[in-house]
Structure formats: structure tokens, C-alpha cells
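Chains as they are written, first to last, in the numbering used here: chain U, -17 to 220; chain B, 63 to 292.
For every residue, glycine included, the Cβ atom is placed at its ideal position computed from N, Cα and C.
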């Protein structure tokens, strides 16, 4: 009995190293000046799974997130694969230059951290982190994130308020900044979506124009452009 | 109180270690950093770069409201107020570039200081053909670098958030505009520090812009090599 107890305590002492369970403080800052993030999905998961991957076609779950900000299917898939998720830590949109904080205690095997949220106003742009290896050494780590294009919808830059968020429906579902216009002719044709690779790739950025009631784009070139990085994640491993 | 006690304890430990490493009687051996910067842009001279070491407050952070000192740097290229604020916050030494670093050009600055494990490097310069874009590093720990050790960084352009990005000749102080530098009014609207979205330029449809396509930039805008040489 005594021997068993000793063994158990030895296993307990070793387990933090072998399983890489970690207690994390996570902060996400929107680094853009005019783009809003829809409710964020943060996931800790095994190295073998992903929320999304650059160079791979977006599935229906990524499409729903990137075109409409709906992370429900991504969350379900991550949890089904043994991952842990935090949905909507900001309690709504995360506006330009604003930050949100959350905590996560990972369980054994969930050694990677990922994040995804749609960028508004875009057709199918999203901010993403794919499988960052959670360090085992305590410390503060900073990761800068890029904007991705899901490759599922043509970047028309035309508003389609309320409707454009449904997967497969062209148009931008909303602009929380209120600076988008109307009446644009479209930066590219809505269909077919052949002006870009049909895989997740680095977003080429918004074009926009200065014509609120016409031009090619409903977006404003002075408000809706961005350069990478678009977000900063700070992780404190305790 | 508890925090203070822990900090004091750590400080003593660091000092002890340094004395042991130095092997001499001086508790504060001199160290020298060489900071080499390369302007990676096509058409944005960077104002004479300030490099400063301190142990106290951070000069800026993403999502924060810019101090007036940072506003002056970002709107006019005048780093003096920023240097003074860092000197007053545990300053260990500072230096300024001799002249703007032109597109494609490089400059090296050497900075000697009394060894301090808590030393943090801050670097800042304005992209002069903009309203209030700047690049730099805020509070990078350099106190633990060994002789010969190097750090490389590729820096983004930040928007100080203090002036509207109207790109007009009247508000761009660099050679492209020749207009006003610092103005205390906060005309940006958001008034928060974030990554710059880039300039639009007249060539890309902003009719009132004095800027051309040659003034456009993408990240990174400045390459930095930090070496401890002594």
C-alpha cells in the first residue's frame, strides 16, 4: 500500500512534464484601426488537429466562421477531437485597437493553441492562429497574427447587410464601423469565385475607394484597409 | 508589499550574479550594444532614430493611448521628449541617430551602459512621409545578453492614433509634403496605438493625398540587429 502511494506521487510529480498540461493567461489585441473581429474562438487541441490550415481548402465550418462569424461548427469539431475551447471571450465584437483577456487550463495532450474570428467588413477574411505549440517553460510569449482569406467567397467588397453572412451568399454581412458605403459595382465578380485560390491563404487586403455611393467598392480605402499583423496574442504560461 | 519584497530579492540576486560574472571589484561593469538598423521601405525616410535603455515604464504598447512624447515623435520626428521620459524612468543611457535613415539605407548606433539585468531597449523613429506613423521597439529585454549574442527583429509600422491620416501636404512633415509636424490636437478619431494600415496615396484613388505610389509601404519597415559587443 505504501509502495503504491509512493508510485502515485512519483507519477504525479512527473506528469506536468509528460502531459504538458498548462495554466494559461491569454490576451488578444486587435491591432487594426478599422476592422472588427466577430466573437473569437480559441482552442487548445492535440497537434494532429487544426481549426484551419493555410493552403488547404476551407471546410464548411471555416466557411461559416469566415463569411458570417459563426464559430459553432468549428467549436463542435474541436471539442469532438478532444480539444478545449473558449468561445466569445470579448462578449461580442472586438473593436479596433481593443483587447480581451481569458484564461485556459489545458488538459493532457492539448499542446497546441489556435484562434479564429471573422474580420468585419470583409467577404471572407479572418484572423487566425494555427496550432501554436504551447511552451512548457513558464514565461510571457507574444505571437503576432496575420489576416487570412478563406478562399470561399469572391472579394467583391459589396455590402449585403444581414444576408451576406450565410455561407455561399455573396456580400459583406455588416460593417460595425458604419463607414461602408453602397452602390459599388464590385471589385471582382461575385461568381464564380475564381479570382483567388480556393484554399485558405494570406488575405490580399481590402481595396476600398473614396466614393460612398458608387465606385467599385463599398468599403472605404481610408478606413477599411489593414496591413499585417492584425492581432497580437500574449500568452502567459504559469 | 509582498510584491516589493520579491522584487528587491530578485534585484539582489541579479546584482550578485553580475558581480560574479564580471569577476572584478566593480559592481556595474560597462556593456556596449551595437544596434544596426536598415530602412526596408521604398520611399519613407525614417527620422533620426532614438535608442534608449531603461528599467522603468514602457514607452508605448498596442491598444494604448499615445503619450504626448510619443505623439511628438510620431507626428514630427522629434524624439527629445520621448528620450527625456525614458531617462526619467530608470534611464541607463540613450543615443540618437545623426540623420534620417533613407529608404534602403542603414545606420549603426553603439550604446554603452552600466550592466543591469533589467535593462530594456526602446527604439523609435517616424516614417516622415506620413501623418503619424512610426516604427520601433518597446522595452525589449537586453540585460541578459552575453558578449557576442545577437537579436534580430523585423519591425512593423505603427499608427500613433494621434492625427487623422489625411495625407495632405499641409499635414505631412516629410519631403513629400513639407507640412506641419506636431499638433497637440488629437484628430485621429480612435486615438489608440495600432498597426498602421498603410498610406492610400493619390495614385490609388485618394485625390486629396500628396503621396504617390512610391510612398506606400508594407510590413516590415525596419530591420534591426542588436549585438552585445562588449
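Proximity to residue i [Cα-Cα], best of the options
{"i": "residue 262 of chain B", "options": "U:187, U:158 and U:88", "result": "U:187"}
{"i": "residue 211 of chain U", "options": "B:257, B:284, B:285 and B:157", "result": "B:257"}
{"i": "residue 203 of chain U", "options": "B:260, B:232, B:289 and B:207", "result": "B:260"}
{"i": "residue 283 of chain B", "options": "B:219, B:109 and B:226", "result": "B:219"}
{"i": "residue 148 of chain U", "options": "U:58, U:100 and U:81", "result": "U:100"}
{"i": "residue 103 of chain B", "options": "B:255, B:247, B:192 and B:212", "result": "B:192"}
{"i": "residue 130 of chain B", "options": "B:280, B:112, B:215 and B:143", "result": "B:143"}
{"i": "residue 134 of chain B", "options": "B:248, B:201 and B:173", "result": "B:248"}
{"i": "residue 159 of chain B", "options": "B:186, B:190 and B:151", "result": "B:186"}
{"i": "residue 152 of chain B", "options": "B:162, B:291, B:171 and B:176", "result": "B:176"}
{"i": "residue 74 of chain U", "options": "U:56, U:51, U:218 and U:55", "result": "U:51"}
{"i": "residue 130 of chain U", "options": "U:145, U:141 and U:104", "result": "U:104"}
{"i": "residue 77 of chain U", "options": "U:159, U:214 and U:45", "result": "U:159"}
{"i": "residue 146 of chain B", "options": "B:157, B:136 and B:137", "result": "B:157"}
{"i": "residue 215 of chain U", "options": "U:20, U:42 and U:127", "result": "U:127"}
Cutoff 8 Å: residue i Cβ touching any chain B Cβ
{"i": "residue 204 of chain U", "result": "yes"}
{"i": "residue 78 of chain U", "result": "yes"}
{"i": "residue 36 of chain U", "result": "no"}
{"i": "residue 210 of chain U", "result": "yes"}
{"i": "residue 196 of chain U", "result": "no"}
{"i": "residue 11 of chain U", "result": "yes"}
{"i": "residue 207 of chain U", "result": "yes"}
{"i": "residue 201 of chain U", "result": "no"}
{"i": "residue 81 of chain U", "result": "yes"}
Residue i CB to nearest heavy atom of the ligand ZN below 7 Å
{"i": "residue 207 of chain B", "result": "As for the ligand ZN, it is missing from this structure, which has no ligand bound."}
Short CB-CB distance (under 8 Å) between residue i and chain U
{"i": "residue 277 of chain B", "result": "no"}
{"i": "residue 207 of chain B", "result": "no"}
{"i": "residue 360 of chain B", "result": "Because chain B here runs from 63 to 292, residue 360 of chain B falls outside it and cannot be looked at."}
{"i": "residue 254 of chain B", "result": "yes"}
{"i": "residue 218 of chain B", "result": "yes"}
{"i": "residue 268 of chain B", "result": "yes"}
{"i": "residue 286 of chain B", "result": "no"}
{"i": "residue 191 of chain B", "result": "no"}
DSSP state of residue i mapped onto helix, strand, coil
{"i": "residue 69 of chain U", "result": "strand"}
{"i": "residue 221 of chain B", "result": "strand"}
{"i": "residue 185 of chain U", "result": "coil"}
{"i": "residue 139 of chain B", "result": "coil"}
{"i": "residue 212 of chain B", "result": "strand"}
{"i": "residue 67 of chain B", "result": "At residue 67 of chain B the pLDDT is 33, less than 50, meaning the model places this residue with poor confidence and gives no usable figure here."}
{"i": "residue 134 of chain B", "result": "helix"}
{"i": "residue 194 of chain B", "result": "coil"}
{"i": "residue 84 of chain B", "result": "Here the model assigns residue 84 of chain B a pLDDT of 41, short of 50, so the residue's position is not dependable and the matter cannot be decided."}
{"i": "residue 49 of chain U", "result": "helix"}
{"i": "residue 58 of chain U", "result": "helix"}
{"i": "residue 5 of chain U", "result": "strand"}
{"i": "residue 81 of chain U", "result": "strand"}
{"i": "residue 76 of chain B", "result": "Residue placement at residue 76 of chain B is poorly supported in this model, since its pLDDT is 34, which falls under 50; the coordinates still yield a value, given next. If DSSP states are grouped into helix, strand and coil, residue 76 of chain B belongs with the helices."}
Strand pairing of residue i, partner residues [DSSP]
{"i": "residue 114 of chain U", "result": "U:95"}
{"i": "residue 170 of chain B", "result": "B:98"}
{"i": "residue 113 of chain B", "result": "B:157 and B:185"}
{"i": "residue 106 of chain B", "result": "Partner(s): none; residue 106 of chain B has no beta bridge."}
{"i": "residue 289 of chain B", "result": "B:96 and B:212"}
Per-residue contacts from residue i into chain D (C-beta, under 7 Å)
{"i": "residue 191 of chain U", "result": "The structure shown contains no chain D; the protein chains it does contain are U and B."}
Worksheet item: Within the chosen definition, does the segment 4 to 15 of chain U reach the segment 50 to 64 of chain U through at least 3 CB pairs nearer than 8 Å?
Response: no
Worksheet item: Between the segment 195 to 202 of chain B and the segment 267 to 276 of chain B, do three or more beta carbon pairs fall short of 8 Å?
Response: no
Worksheet item: Does the segment 225 to 236 of chain B come close enough to the segment 153 to 168 of chain U to have 3 or more Cβ pairs within less than 8 Å?
Response: no
Worksheet entry | Contact between the segment 128 to 142 of chain U and the segment 169 to 180 of chain U (3+ Cβ pairs under 8 Å) | Judged by pairs of C-beta atoms under 8 Å, the segment 128 to 142 of chain U touches the segment 169 to 180 of chain U, as three or more such pairs exist.
Worksheet item: How do the segment 179 to 195 of chain U and the segment 19 to 36 of chain U stand: do at least 3 beta-carbon pairs fall below 8 Å, yes or no?
Response: yes
Worksheet entry | the segment 78 to 87 of chain U in contact with the segment 98 to 112 of chain U per 3-pair CB rule at 8 Å | no
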